[in-house]
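Below is one structure, written out as structure tokens; comments come after it.
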Amino acid sequence: MATEAANLERVAIIGGGPAGTSCALTLLRGARERGREIEVLLVEPKRFGEHYNQCAGVLTVDESLKELMEELGLQFPNDLVQRLVRGYVLHAQDDQILLVPREGDSPVGALRRVEFDEFLLNEAARAGAVVLPYRMVDLEFQKNRIIIYTEGGTYHADVVVGAFGLDTGAASVFARRTAYRPPPSIETLVTKIHPAGLEPIEGLLDDYIHAFLPRLPQIEFGALVPKGNHISIIIAGRRLAMRDMQRFLAMPQVSPLLPQGTEPGDCFRGTFPVGLAHRFFGQRYLIVGDAAGLVRPFKGGGIAAALKTGRLAGRTLVAHGVTAQAGAAYMAECRDLRGDVRYGQVLRWLVALLSGPFRMEAIIHLARQSPAMRQALYDCVSGRTSYRQIFREELTSSLVAQAAWACITWPLRGGRDLPK
Ligand SMILES: Cc1cc2nc3c(=O)[nH]c(=O)nc-3n(C[C@H](O)[C@H](O)[C@H](O)COP(=O)(O)OP(=O)(O)OC[C@H]3O[C@@H](n4cnc5c(N)ncnc54)[C@H](O)[C@@H]3O)c2cc1C
767 MATEAANLER VAIIGGGPAG TSCALTLLRG ARERGREIEV LLVEPKRFGE
817 HYNQCAGVLT VDESLKELME ELGLQFPNDL VQRLVRGYVL HAQDDQILLV
867 PREGDSPVGA LRRVEFDEFL LNEAARAGAV VLPYRMVDLE FQKNRIIIYT
917 EGGTYHADVV VGAFGLDTGA ASVFARRTAY RPPPSIETLV TKIHPAGLEP
967 IEGLLDDYIH AFLPRLPQIE FGALVPKGNH ISIIIAGRRL AMRDMQRFLA
1017 MPQVSPLLPQ GTEPGDCFRG TFPVGLAHRF FGQRYLIVGD AAGLVRPFKG
1067 GGIAAALKTG RLAGRTLVAH GVTAQAGAAY MAECRDLRGD VRYGQVLRWL
1117 VALLSGPFRM EAIIHLARQS PAMRQALYDC VSGRTSYRQI FREELTSSLV
1167 AQAAWACITW PLRGGRDLPK
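If you're matching positions, the sequence shown starts at 767 in the working numbering and goes up one per residue.
As structure tokens, then:
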């Protein structure tokens, strides 16, 4: 195996977001530890600061994230966290509930994603990755190598790692040249409001993230996230248009939370995977992060998942090189994440079901009385734990029965006779 693994001399990674940089750092570190050299080309056209990857920048800074960063040879950059979040307010159409972490739960932080991406890319460069500030425009798979065509030059590598997120151009190149097919996705629109210039503002939204399940046709969910000096506003759904953002901002649950007299800035479009990609590994290629759909489809936690899959791909390549076993080993390494995607899809379907008249309100009412339901809701919204764990350990049969009963009887009672 060592000889086969040693045939890996150069890896090209397409995309320098969390998945790509994590893969680069793992490859460089793993090779060094084995006394080998692997050249890593990191192809990333964005200048972070001027350009950015769509994100609310919410991250649970728990032990597993810190360990992951340590495995990459990094310390988690605490100084980039702009705000510690105290909890979530979950809004249904006619009711809301405060969801707070348990004593001892890891803090949830909000950071500026550009700063985090810049930090990771700089660290990858410092570790020895050759950062090519270009866009990959095509690939050519030859017998023993891959040619990478970019807007700034042509390169070759033994293996190519696709870490391009949901970029449609990059995805269509991979889909044309390999059996890869991008994951299903939903659209997002993001804007922000700066209530008072650029200085940090204390107690913005009382340091709570507000999550909404509005009954608007296009919008599946929305969120207000307090950052250092602004509020990020996100909606997700299908066929979103600017007017959907306007409708969301005008909702009676949303508008009172926003500082009066301030206008939102530009709207940015993004996409979010809601399922797995098809064939995210094959002869001389591996796909990581969002591009593989390896992110939890309802809540996200996409940054941590991207870091994790980049690391798994890097570890696989160091161990297996350009061999037939590499793809299977990568699939095995990703087993937990792949499994959790399925649980997340079930949860998303359940939430869609509950978004009908009164039912989410019934769950919120139950959660007020039941700490177990409150905990399950907090974990679903915060992504603190895996969906698998929520389904297997928190949603006990008695809790599910209570929830079902609450939902069935709620419309019959018009939701009015139960005290809040
Ligand atoms: C609106 C929104 C809000 C979100 N909020 C959160 C959140 O609060 N917390 C969280 O954990 N996750 C969040 N996510 C998810 C998170 O942003 C992603 O899961 C994460 O960024 C995935 O990382 P990645 O490295 O796979 O892809 P990306 O971060 O998308 O990085 C891909 C990189 O590839 C580069 N690239 C693309 N095409 C090419 C090409 N042809 N050539 C070279 N380079 C290319 C891009 O420039 C980019 O830098 C959010 C997502 C959206 C859309």
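All residues carry an ideal CB built from backbone N, CA and C; glycine is no exception.
Pairwise C-alpha distance: residue j and residue i
i	j	result
TYR900	GLU889	18 Å
LEU856	PRO1025	19 Å
ALA936	PRO950	15 Å
GLU829	ARG1150	11 Å
PRO1185	VAL1166	In this prediction, PRO1185 scores a pLDDT of 42, lower than 50, which makes its location untrustworthy; the coordinate-derived value is nonetheless stated afterwards. About 21 Å.
ARG849	LYS993	6 Å
ILE967	ARG879	18 Å
THR1082	ASP933	24 Å
ILE1156	GLY1110	10 Å
GLN1135	ARG943	55 Å
ASP883	ARG1035	18 Å
GLY1067	PRO1177	34 Å
LEU1116	GLU1159	17 Å
ILE952	LEU794	34 Å
THR1162	LEU808	46 Å
PHE1038	GLY931	9 Å
GLU1099	GLU833	17 Å
VAL991	SER998	5 Å
Under the three-state DSSP convention, the category residue i falls into
i	result
PRO1025	coil
THR1175	helix
GLU986	strand
ASP1183	Summary for ASP1183: the model assigns pLDDT 45, below 50, so the residue's position carries little reliability; its value from the coordinates is reported in the next sentence. It is coil, neither helix nor strand.
PRO843	coil
THR934	helix
MET1011	helix
LEU807	strand
ASP883	helix
MET767	Here the model assigns MET767 a pLDDT of 45, short of 50, so the residue's position is not dependable, and the following value carries that caveat. Coil, per DSSP.
Residue of the options minimising C-alpha distance to residue i
i	options	result
LEU1103	ARG879, GLY1080, TYR1153, ALA1092	TYR1153
MET835	CYS789, ALA876, GLY994, HIS817	CYS789
VAL903	LEU970, GLN1155, PHE987, GLU810	GLU810
MET1060	ALA1072, VAL1117, GLN1049	Checking the sequence shown, residue 1060 turns out to be Leu, not Met. Ranking ALA1072, VAL1117, GLN1049 by Cα distance to LEU1060 puts ALA1072 first.
ARG1050	ILE914, CYS1173, ARG981	ILE914
VAL1020	THR792, PHE1038, ILE1001	ILE1001
GLU1127	LEU1015, ASP861, LEU990, GLU965	ASP861
GLU986	SER1164, ARG1004, PRO961	ARG1004
ARG1114	GLY1041, ASN995, GLY1027	GLY1041
ASP871	ASP883, GLY853, THR1037	GLY853
THR916	PRO873, LYS909, VAL897	VAL897
LEU1078	ILE1069, THR1089, ALA1095, GLN1091	ALA1095
HIS1131	ALA1169, ARG981, SER1164	ALA1169
ARG1013	SER1121, GLU816, GLN984	GLN984
GLU837	ARG1108, PHE814, LYS812, GLY1076	GLY1076
CB contact flag (residue i, residue j, <8 Å)
i	j	result
LEU979	ALA858	yes
GLN820	THR954	yes
ALA929	ARG911	no
VAL926	ILE780	yes
ASN773	GLY1087	yes
VAL1084	ALA797	yes
ILE959	PRO1030	yes
Does the segment 1132 to 1140 come close enough to the segment 861 to 871 that 3 or more CB-CB pairs lie under 8 Å? yes
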